[in-house]
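>
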Amino acid sequence: MPVWALSVVGMLAALFPAFLLIAPNRLLTGEAIRPQAWPLALAWLAIAVCTGLPARAARPVVTTLAWLAVCGLPLLAGLDARIALSEASAFSVRAQLGAGFWLMWLAAALLLLDRLRGLRVPTRTALWVAVLAVLVGCAWVGVFDALGLVREWRAQRAPFALATVEHLRLAAVTLVLALLVGAPLGWWVWRRRRSDGLLVGVLAFLQTVPSLALFALLIGPFAWLAHLWPALGSLGFGGTGAAPAVFALVLYALLPVVRYTVAGLDAVPSDAREAARGLGMSRAQLLWRVQLPLGWPVLLAGLRIVAVQTVGLAAVAALIGAGGLGRFVFLGIGQGAIDMVLLGTLAIIALALAIDFLFQGVLALTERAP
């Protein structure tokens, strides 16, 4: 999106939607306030004006302003919330982040992403790490303590930590099982190209089934299996819980694992395969010593997609008792507590971004390895 378009979005978000909502309690809709509407609008106007500068001069200026906006908007929200709550008479009053804040912060983040394109990876990483350091430092000294989102986290700290562990466990078990099942299936598909249509078609069809519907469909069969073999029920295997959730998540993960396994095997040069056969390698030796090491980066890229996808889909698993951060989302929706919904949603997004960043780092190390 062009810089001027993002600047217009930022100006409109500063002037019209609420920057903060001051509510009597966590369940009621708050009153909109815009403490610094015009200064923020003028700051976005300055960013738009910078686009008229020569490209060499405009880029560092716009990048600096976007970085300051990404760091400064949360800081400003925390300070405004503290001022607003200091004037309130009841402890139950909550300061909620409004649509204006989210639109401006999103516009600033997109603008920073756009300006960082083309820069070297260490530079981009350093700037984002600096953003994270500033926000973590502000949180550490209590700048955000007056925000309803932080107060909700403080009230739910122990359940939130448990839900985070459950969410990560669901994603990790799914990723391991998808790799153990999907990689051999991908190898089989690669070996028998003419007979892969049915398998890939079934896996592609499963991608079209809504996650909530698939979770619901699995409740009956898993409950029947637990009733048929009580020993499974004693191990936590039943119509609800982690077992059907992991099974459904693995079904969703199989297609990308299979496809990227095939793509990884295709990426191995035919000369390398022929040279390995010339050395007398068996089919298993060819796979483990040549094809897998050379095709691993492609397969790792597929696992990156699966990991991020699974972190998002695992949120829905909370509806069938599998736990995870999705529980906060659905509890918040049921109670009408927007801060609880945001707590679960932002945590899931943060986990997905952290896992994506981790896989990017592993991929970079893999590509550099001789």
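Going by this note's numbering, the letters in the sequence shown line up with residues 1483 to 1852, in that order. C-beta atoms are modelled at their ideal positions from N, C-alpha and C, and glycine is treated no differently. Keep in mind it's a predicted model, so treat the numbers as computed, not measured.
Starting from residue 1787 and walking both ways along the alpha helix (DSSP H), at which residues does that stretch end?
Note, residue 1787: alpha helix (DSSP H), 1774-1795.
> On the three-state DSSP scale, how would you describe residue 1589?
Helix, per DSSP.
> Given a cut-off of 8 Å, decide if residue 1616 and residue 1660 are closer than it, judged by their beta-carbon atoms.
No, Cβ-Cβ distance for residue 1660 and residue 1616 is not below 8 Å.
> Scan the stretch 1552-1601 and note each continuous alpha helix (DSSP H) run of 4 residues or more that stays entirely inside, going in chain order.
Taking only runs of at least 4 residues, the alpha helix (DSSP H) segments lying wholly in the stretch 1552-1601 are 1581-1598.
> Look at the Cβ atom of residue 1719, then the Cβ atom of residue 1697, and state whether they are nearer than 8 Å.
Taking 8 Å as the Cβ cut-off, residue 1719 and residue 1697 do not qualify as a contacting pair.
> On a Cα-Cα basis, can you pick out the residue from 1577, 1524 and 1646 that is closest to residue 1810?
Per the Cα distances, 1646.
> Following the continuous beta strand (DSSP E) through residue 1505, name the residue where it begins and the one where it ends.
Run containing residue 1505: 1502-1505, per the beta strand (DSSP E) assignment.
> If we require 4 or more residues per run, which alpha helix (DSSP H) segments fall completely within the stretch 1691-1729?
For the stretch 1691-1729, whole alpha helix (DSSP H) runs of length 4 or above, ordered along the chain, are 1693-1710 and 1712-1716.
> Please state whether DSSP places residue 1472 in a helix, a strand or coil.
Past the edges of the chain, shown from 1483 to 1852, lies residue 1472, and the structure says nothing about it.
> Do you know offhand how far residue 1490's Cα is from residue 1503's?
Taking the straight line from one Cα to the other gives about 23 Å.
> How long is the line joining the alpha carbons of residue 1485 and residue 1607, rounded to whole angstroms?
Approximately 22 Å between the Cα atoms of the pair.
> Using the C-alpha atoms, what's the distance from residue 1796 back to residue 1853?
The question about residue 1853 has no answer, for the chain in this structure spans 1483 to 1852.
> Rounded to whole angstroms, what is the Cα-Cα separation between residue 1725 and residue 1706?
Their Cα atoms are separated by approximately 13 Å.
> Taking only three categories from DSSP, how would you classify residue 1637?
The answer is helix: DSSP assigns residue 1637 an H, G or I state.
> What is the DSSP secondary structure of residue 1804, counted as helix, strand or coil?
Coil at residue 1804, not helix or strand.
> Below 8 Å on the Cβ atoms is my guess for residue 1788 versus residue 1728; work out the distance and round it to an integer in Å.
At roughly 13 Å, the Cβ-Cβ gap does not stay under 8 Å, so residue 1788 and residue 1728 are not in contact.
> When DSSP labels each residue in this structure, what does residue 1514 get in the three-state scheme?
Residue state, collapsed to three classes: strand.
> Are residue 1597 and residue 1552 touching if we call contact CB-CB under 8 Å?
Not in contact: residue 1597 and residue 1552 (Cβ atoms no closer than 8 Å).
> Please list, in chain order, all residues of the same chain as residue 1585 whose beta carbon is under 6 Å from its beta carbon, the five residues on each side excluded.
Excluding residues within five positions, the ones whose Cβ falls inside 6 Å are 1495.
> Check this for me: beta carbons of residue 1793 and residue 1834, under 8 Å apart or not?
Yes, the pair counts as a contact, with Cβ atoms nearer than the cut-off.
> Could you name the residues of the same chain whose beta carbon sits closer than 6 Å to that of residue 1818, not counting the 5 residues immediately before and after it, in chain order?
Answer for residue 1818: 1509, listed in chain order.
> Under the three-state reduction of DSSP, which class applies to residue 1833: helix, strand or coil?
Looking at residue 1833 - three-state DSSP - the assignment turns out to be helix.
> On the DSSP bridge list, what partners appear for residue 1629?
According to DSSP, which records beta bridges pairwise, residue 1629 is partnered with 1577.
> Where do the ends of the alpha helix (DSSP H) carrying residue 1604 lie?
1603-1622 is the extent of the alpha helix (DSSP H) around residue 1604.
> Residues in the same chain with beta-carbon distance under 6 Å from residue 1664, minus the five sequence neighbours each way, listed in chain order, please.
Once the five neighbours on either side are set aside, the close Cβ partners of residue 1664 are 1736, 1739 and 1740.
> Go to residue 1759, then tell me how far its alpha helix (DSSP H) extends in each direction, as first and last residue.
Looking at the DSSP string, the run of the alpha helix (DSSP H) that includes residue 1759 is 1752-1760.
> Per the contact definition of three or more C-beta pairs closer than 8 Å, is the stretch 1681-1699 in contact with the stretch 1756-1763?
The stretch 1756-1763 vs the stretch 1681-1699: no contact.
> Are the Cβ atoms of residue 1500 and residue 1519 separated by less than 8 Å?
Going by C-beta atoms, residue 1500 is not nearer than 8 Å to residue 1519.
> In chain order, what residues of the same chain lie with their CB nearer than 6 Å to the CB of residue 1786, ignoring the 5 residues before and after it?
Counting only Cβ-Cβ distances below 6 Å, and skipping sequence neighbours, we find 1841.
> Alpha carbon to alpha carbon, how far is residue 1550 from residue 1644?
Spanning the two alpha carbons is a distance of roughly 34 Å.
> So the alpha helix (DSSP H) residue 1493 belongs to, where does it begin and stop?
Element bounds for residue 1493: 1485-1497.
> Considering only C-alpha positions, which residue in the set 1815, 1805 and 1838 is nearest to residue 1652?
Taking only the C-alpha atoms, the option nearest residue 1652 is 1805.
> Give a yes or no on whether the C-beta atoms belonging to residue 1634 and residue 1821 are separated by under 8 Å.
Yes, they are a contact pair.
> Out of curiosity, what's the CA-to-CA distance linking residue 1823 and residue 1559?
Taking the straight line joining both Cα atoms gives about 19 Å.
> Would you call the CB atoms of residue 1577 and residue 1566 closer than 8 Å?
Going by C-beta atoms, residue 1577 is nearer than 8 Å to residue 1566.
> Just mark residue 1614 as buried or exposed, buried being the case when its beta carbon has 16 or more other beta carbons within 10 Å.
Burial call: exposed.
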